[in-house]
Each structure stands twice: as C-alpha cells, then as structure tokens.
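Heads up, the thing below is written out as structure tokens.
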Amino acid sequence: MRPHFTKTALALMACSSMTPLLVHAADWNGSYSADGQCFCVGEIPASLRTSIVATPVGGQTVSQVCDRVGEGPGLSLSQGLFNYPVYADPQCGHGPFVPGIESPTADCAGSMDGRITGSGSCQARGPRWALDLAYKRPGRPAAAEPAETGEGDAQRITAAAQTTKNRTGLLDKPVVSSMSVEVPDDASANRKKTLKATVISSASTAGRTPAKVFPPENFTGKSVIIDGQRYLQARDDMLAYGGAAGSRIILDDQVFLRDDGSIDPADLYRSQPVIRKARPAERPVENDRPVAASDTARTDQSAGNARSLDSRQIDARATSRRIAAERKRLQERKAATVRAGKLADAEALKLEQQRRLQIQSANKAAAEAAQSASRSEQSEASNAQATDRQIAESDNEAQARQLANEKEFAQRKALADSLMHKEQRQQAVVEAARQVKPSSDTAADADSEQGAGGVNFMSALRLPAEVRASSRNFDYLEALPVSYDVGGTGMMLEGSGSSHSRFHYIGRIGVTGNYQELMAGGGYYLTPASADRFTVVLLAGVEYGNFELVDDTSPALAVDFNDTGIFLGASSRVVINSQFELKAGVGYSSFFEGDAMLFGGGYFHMTRQLDLVTRFEVGDNDLLGIGVRFYY
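In the working numbering, the protein residues as written are 122 to 753.
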C-alpha cells in the first residue's frame with residue numbers, strides 16, 4: 122500500500138461528490154490497462170518487489186518501476202465491473218508472476234470483474250509498461266499554478282500529493298550507470314587496463330563521500346575507488362543482486378561491495394598468500410591521470426599470480442587425465458580387436474581340422490577296401506582277373522567320390538564363410554560335414570539306391586547348397602495388375618515382414634473400378650530340416666470387401682454392398698531350382714456369405730532381390746494377375 126495514493130484519492134473524493142468512487146489499492150492488487158498503457162495498482166507481492174527488470178537506465182526492481190510508471194487515470198468499480206481490464210500481475214499479463222502459481226494464458230490473462238479464472242469477461246494480455254515514456258519524465262515535476270476557478274484547492278492538494286510522491290519515490294530509487302575505470306594491470310606496473318563497471322547507487326546516497334574505513338586484515342582482494350567511494354572485491358560465490366540499494370557493483374565480471382563500514386568480513390574475497398623470492402625493487406612509474414587507485418596493489422598482484430598458477434596447474438592435471446583416459450580407451454580397443462582376430466583364427470583352424478579328419482577317414486576306408494580286395498584275390502585264384510577289375514573300379518570310384526566330396530566340402534565351406542551370422546555359418550559347416558561320408562559307406566549307399574531302382578526320395582527333397590532358399594524369405598513387397606471375375610481389372614499391392622524366424626505379418630489391398638478388397642493378418646511358417654525345399658505356411662487374418670455394381674443399361678440400378686470376415690489359409694512354397702519357385706494352398710473367407718478357395722502362383726528369380734510373380738485364385742471371386750516382387 123502506498124500512502125500518497127490514498128491521500129490523493131481522499132482529496133479528490135472530498136472535492137467532488139460526483140466523481141466515481143476510486144478503488145483503494147487494497148481492493149485490487151496487480152495492474153490494469155488504460156489508454157494503451159499498463160499501470161500498477163495496490164500492493165506488490167513480497168516475492169516480486171525486489172525482482173529486477175530491464176529499464177532504459179539499467180536494472181530496476183518491480184517496486185521502483187511501478188513508482189516510476191505511476192497509477193494512471195484511476196480504477197473504479199461499478200456494479201461488479203471495473204472501468205478498465207485488471208490483471209493479477211504487475212504488468213498486465215506479461216509478468217513477472219508469483220513463483221509457484223501457474224501463469225495465465227495469453228487469451229485470458231485478465232478480466233473486467235476481477236476473476237482471473239472462470240470469468241465471463243476474459244481479457245487478453247494488455248500493453249507492457251511504457252518504460253521509455255516513464256523514464257523520460259523529469260524526476261521532480263514543477264508545481265503548477267492554481268487556477269482562478271473554484272477548483273484551485275483541489276488542484277493544489279493533488280499537486281502537493283503528487284510532488285510528495287515523486288520526492289519520496291526518488292529518495293531510495295537506485296541509479297544504474299556504466300563507466301570506464303582504469304586500474305593497474307597485474308602483468309606490468311607500467312601499463313593500465315580499462316574495465317567496464319556497472320554501478321548501482323541511489324539518489325539519496327549518490328555523490329556522498331563516506332568516512333575512511335580500512336578493510337579487514339585478512340582481505341586480499343581488489344579495491345577500487347569510484348567517485349570518492351571505495352568498493353572491495355566480494356567472494357567468488359557472492360550474487361550480484363541483493364542487499365541495500367547501491368551496495369553492490371559489477372566490475373570486470375566480479376562483484377564489489379561498498380565499503381561503508383557494515384560489510385560482513387565473511388563476504389570479502391580471501392586467498393592464501395604465495396611465498397616467493399624477493400625481487401629487486403623497481404622504480405615506480407607515476408600515472409599521468411589516475412582514475413582508480415588500489416590500496417593493496419602488491420597483494421592484488423601476488424593473489425592474481427597465485428590464482429593464475431593454480432589455474433595452470435589444474436588445467437595441466439585435467440589434460441593429463443584426459444590423455445590417460447584416451448590412452449586406456451585405445452588400449453582396450455586394440456585388445457578387443459586382437460581377441461576378435463584370435464577367435465576368427467581359432468574357428469578357421471577348427472574347420473580345417475574337421476576337413477583333414479574327413480579326408481583321413483576317407484583314405485582309411487579306401488585302404489581297408491584295398492586290403493580286403495587283396496585278401497579276396499589270394500583266396501580266390503579262379504576269379505583273380507574279375508577281382509582285379511572290381512578292385513580297380515572300386516579304387517577309381519572311391520577316388521572319384523573322394524574328390525567330389527572334397528570339392529563339395531570346399532563349396533559348402535565357402536558358402537558358410539559368406540554367411541553374415543555365426544549360427545548360419547556353423548549350421549552350414551555341420552551340414553557339409555554330415556554329408557561327407559567314408560567312401561565305403563558312400564559306395565554301399567549308392568549300391569543300395571541303385572538296387573532300389575532309383576534316386577533316394579529324401580535326398581531329392583533336400584535343397585542343394587548352391588540354390589538360394591527363397592521360400593524362407595518373407596520380407597518383401599509385391600505390386601501386380603489383377604483381374605477379378607466380379608469387379609474387373611485393377612491393381613493389387615501386398616507387403617510382408619518376418620519376425621523371430623518363424624512368424625510373418627502380411628497386409629494386402631486390391632482396388633478396381635467396382636470392387637475394393639483389404640486384408641491384414643499374420644502367419645506361422647516352418648521349413649522341415651529333412652526337406653528344406655518346402656516351406657509350410659499357416660495364415661489367419663481379417664478381410665474387408667466392397668462392391669459397387671451399376672447396370673450399364675439401367676444406371677439407376679446400382680448395388681453398394683460391403684462386408685467383413687475372417688480369412689484362414691494354409692499353403693506351401695517349394696523351390697524348384699535356383700531360378701523358379703512355386704506356391705499352392707487352400708483357404709476360407711467368411712465375408713460375403715463365406716466360400717472356400719484355391720490359390721497359388723509362380724516366381725521367377727530375375728535377381729537376388731527382384732522376382733517376376735504370377736498369382737491366381739479360384740473361388741467365389743476368381744482372380745488372375747502378374748507383377749513383380751521386391752525382397753528388402
């Protein structure tokens with residue numbers, strides 16, 4: 122509450138009974154907007170009074186800015202509504218706001234009835250303080266001559282109250298100014314450096330010269346004299362705001378305290394003196410025009426040198442720590458690389474040992490066969506010639522099979538080395554080792570197969586190592602023109618993605634001029650280990666279809682019918698060779714009264730990522746299409 126505003130309001134009320142009742146500061150605390158400006162009114166919250174805001178003359182508190190801006194034309198309340206929009210903060214919705222209270226929105230920052238939330242007369246943010254206009258005003262307005270009319274007494278009372286208010290407001294108003302101060306440079310006594318000082322003082326104390334006060338004995342910081350007033354360097358963690366008006370200044374990014382005899386010694390800067398060898402005395406050089414002098418220049422220089430040395434030592438230690446950390450990181454990376462190389466060499470050595478064991482086993486079997494043939498030759502002299510031919514043929518066949526097995530093993534090993542994952546590489550090596558058998562067993566198996574009258578059926582179901590297993594790839598995108606039995610020609614798009622080596626997710630959409638179809642679902646696929654040419658797929662999903670049929674002869678006869686149902690299907694994909702793959706399956710769809718269907722297609726591998734695709738469906742709505750598939 123400001124007393125001068127109350128006196129002015131009482132004087133105006135006593136002079137004219139027809140004047141609308143002005144609202145006392147206690148009736149509304151905050152601000153209001155009038156004539157395109159924002160004015161403070163009532164009490165300012167304690168948490169905001171000392172908040173610093175920027176003004177044309179430097180930092181000022183909210184209380185000082187409100188005093189400078191003034192109360193404006195006045196605020197009155199009539200039938201529950203104010204004559205101007207009111208706001209809860211000091212600047213018409215622009216803050217500052219009380220900490221811990223949510224700031225109002227921009228479109229409802231104020232009101233006409235004094236209710237900020239839930240008001241039916243919400244007002245948007247008003248204008249900001251007219252700081253340029255407020256700080257262009259003279260600090261002490263001239264007294265106006267009283268008019269000759271009967272209203273002279275009221276004007277004199279108002280002018281007197283306003284003059285009292287301005288004089289009271291300027292008494293403790295801080296004046297923020299910047300000036301250049303020259304102080305001796307720590308590096309050389311023959312040079313001076315110019316610093317920029319921000320001085321916060323008040324009108325009541327500016328220009329006064331306090332009595333000479335000596336700093337505490339343990340004070341080792343800097344001291345400067347500005348306009349006859351001495352300021353002492355504060356401790357490093359001292360804040361730049363707080364304390365009495367004009368008690369703190371900022372000089373060269375350091376806080377200085379006014380030496381008025383009331384400084385707490387704990388707030389001053391202290392550092393441990395550095396003991397060093399005495400230097401020969403130097404002849405002092407007088408400054409041509411001293412602007413700022415230091416009472417403790419030698420101590421300042423020692424403290425500055427000590428801080429500089431400590432800073433260099435800290436930087437050197439930090440640099441050493443960073444170098445040590447980087448050296449350790451490089452050593453760890455090198456060790457990891459060596460370990461990885463050793464593991465790769467050990468795996469290659471293990472594969473080579475397995476290959477040598479297989480070759481030794483084949484050679485041993487061939488030697489045993491040769492020994493058995495030799496014993497048979499000795500015991501059956503009558504059949505010596507026939508036995509010789511059989512042994513020669515057996516040896517040739519064993520050597521041929523051994524060479525073939527070695528070649529196949531080398532091919533499978535190269536294929537295993539080209540695989541990206543370790544698990545696939547190990548599986549390929551184990552498969553290659555399993556198929557390499559001793560020549561005697563191979564010969565026996567071959568004889569049994571030939572005796573059965575044909576090639577082993579299970580071996581025909583296995584996929585050769587050089588053929589790509591495309592039936593297990595469910596990560597693809599398809600696009601193909603299609604023709605529906607009901608609906609005409611159009612376009613079909615399908616996408617699929619796999620997960621966890623057993624599951625895949627599929628989405629399909631078909632669009633024609635008269636028919637639209639949409640399907641989304643997922644499935645499970647499995648490739649038997651003994652017949653890896655085949656991949657069995659189980660699929661389930663949801664389908665949606667929409668018919669828009671129009672009679673060509675009678676356009677008025679039109680049908681728009683849509684339905685949703687469940688789709689179930691089972692299919693199989695089989696790899697014919699490295700270029701071809703076939704697909705066939707059966708399914709059931711419950712939409713449009715439900716129907717079973719037969720579907721399938723073929724795939725021609727143009728590249729490892731691009732296929733030529735054909736598709737057909739036979740059921741309630743037959744389909745035929747041809748397009749392309751891209752594996753990603």
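All C-beta atoms, glycine included, are put in the ideal place defined by N, C-alpha and C. Model, not experiment: these values are computed from the prediction.
Exercise. Helix, strand or coil: which one does DSSP assign to Leu-169?
Worked result: helix
Problem set entry | Inter-residue spacing [alpha-carbon to alpha-carbon] between Thr-610 and His-621 | 37 Å
Exercise. Alpha carbon to alpha carbon, how far is Tyr-636 from Ala-245?
Worked result: 54 Å
Exercise. What is the rounded straight-line gap between the Cα of Ala-525 and the Cα of Val-657?
Worked result: 32 Å
Exercise. Going by the CB atoms, is the gap between Gly-690 and Leu-703 shorter than 8 Å?
Worked result: no
Problem set entry | Among Gly-748, Trp-250, Ala-705 and Leu-733, nearest to Phe-720 - alpha-carbon criterion | Ala-705
Exercise. Is the distance from the Cβ of Gly-628 to the Cβ of Met-613 below 8 Å?
Worked result: no
Exercise. For Ser-152 versus Val-162, is the C-beta distance shorter than 8 Å?
Worked result: yes
Exercise. Are Val-190 and Trp-250 close, meaning C-beta to C-beta below 8 Å?
Worked result: yes
Exercise. Is the Cβ-Cβ distance between His-625 and Gly-618 less than 8 Å?
Worked result: yes
For this session: Hey, could you find the ends of the alpha helix (DSSP H) Val-190 is sitting in?
Result: 183 to 190
Exercise. Should Glu-501 go down as buried or exposed, given a rule of 16 or more other Cβ atoms within 10 Å for buried?
Worked result: exposed
Exercise. For Ser-769 versus Pro-248, is the C-beta spacing smaller than 8 Å?
Worked result: Absent from the model: residue 769. The displayed extent of the chain is 122 to 753, so no value can be given.
Exercise. Which residues in the same chain have their Cβ closer than 8 Å to the Cβ of Val-663, if we skip the five residues on either side of it in sequence?
Worked result: Met-640, Ala-641, Gly-642, Thr-685, Gly-686, Ile-687 and Phe-688
Exercise. CA-CA distance, Gln-158 and Val-186?
Worked result: 14 Å
Exercise. Do you know whose CA, among Gly-708, Asp-732, Asn-667 and Arg-236, lies nearest Ser-699's CA?
Worked result: Asp-732
Problem set entry | Inter-stretch contact (C-beta, 8 Å, three-pair minimum) for the region 448 to 456 and the region 484 to 494 | no
Exercise. By the 10 Å Cβ neighbour count, where 16 or more other Cβ atoms means buried, how is Thr-238 classified, buried or exposed?
Worked result: exposed
Problem set entry | Three-state class that DSSP yields for Ile-371 in the structure shown | strand
Problem set entry | Endpoints, the alpha helix (DSSP H) within which Asp-741 is located | Where Asp-741 is concerned, there is no enclosing alpha helix (DSSP H), given that its DSSP letter is neither H nor E.
Exercise. Just curious, the alpha helix (DSSP H) that Asp-253 is in, first and last residue?
Worked result: 252 to 255
Exercise. Does the separation of the CB atoms of Leu-389 and Gly-342 fall below 8 Å?
Worked result: yes
Problem set entry | Backbone CA spacing between Val-680 and Leu-670 [nearest angstrom] | 5 Å
Exercise. Nearest-angstrom Cα distance between Ile-165 and Gln-200?
Worked result: 26 Å
Exercise. For Asp-732, does the three-state DSSP call read helix, strand or coil?
Worked result: strand
For this session: Just grab the DSSP bridge partners of Gly-715 for me.
Result: The partner list for Gly-715 (beta bridge, DSSP) is empty, contrary to what the question assumes.
Exercise. Going along the chain, which residues of its own chain have a beta-carbon closer than 6 Å to the beta-carbon of Ala-717, five neighbours each way excluded?
Worked result: Tyr-709
Problem set entry | Integer-rounded CB distance, given that His-726 should sit under 8 Å from Ser-591 | 7 Å
Exercise. Starting from Arg-694 and walking both ways along the beta strand (DSSP E), at which residues does that stretch end?
Worked result: 679 to 696
Exercise. In chain order, what residues of the same chain have a beta carbon less than 7 Å from the beta carbon of Phe-751, not counting five sequence neighbours either side?
Worked result: Tyr-597, Leu-598, Gln-730 and Leu-731
Problem set entry | 7 Å Cβ shell around Ala-361 - same chain, five flanking residues per side excluded | Arg-369, Ile-371 and Val-376
For this session: Just confirm the distance between the C-beta atoms of Ser-232 and Ser-242, as a whole number of angstroms; I'd bet it's less than 8 Å.
Result: 5 Å
Problem set entry | Neighbourhood of Cys-229 by C-beta, 6 Å cutoff - its chain only, sequence neighbours within 5 removed | Cys-243
Exercise. Leaving out five residues before and five after Ser-168 in sequence, what residues of the same chain have Cβ atoms less than 7 Å from its Cβ?
Worked result: Val-219 and Pro-220
Problem set entry | Distance cut-off 7 Å: Gly-690 Cβ against heavy atoms of the ligand HEM | Ligands displayed in this structure: none; no statement on the ligand HEM is therefore possible.
Exercise. What number of angstroms, rounded off, separates the C-alpha of Val-557 from the C-alpha of Ala-483?
Worked result: Reliability fails at Val-557, whose pLDDT of 48 lies under 50, so the model's placement of it is uncertain and the value that follows must be treated cautiously. Going by the C-alpha atoms only, they are around 9 Å apart.
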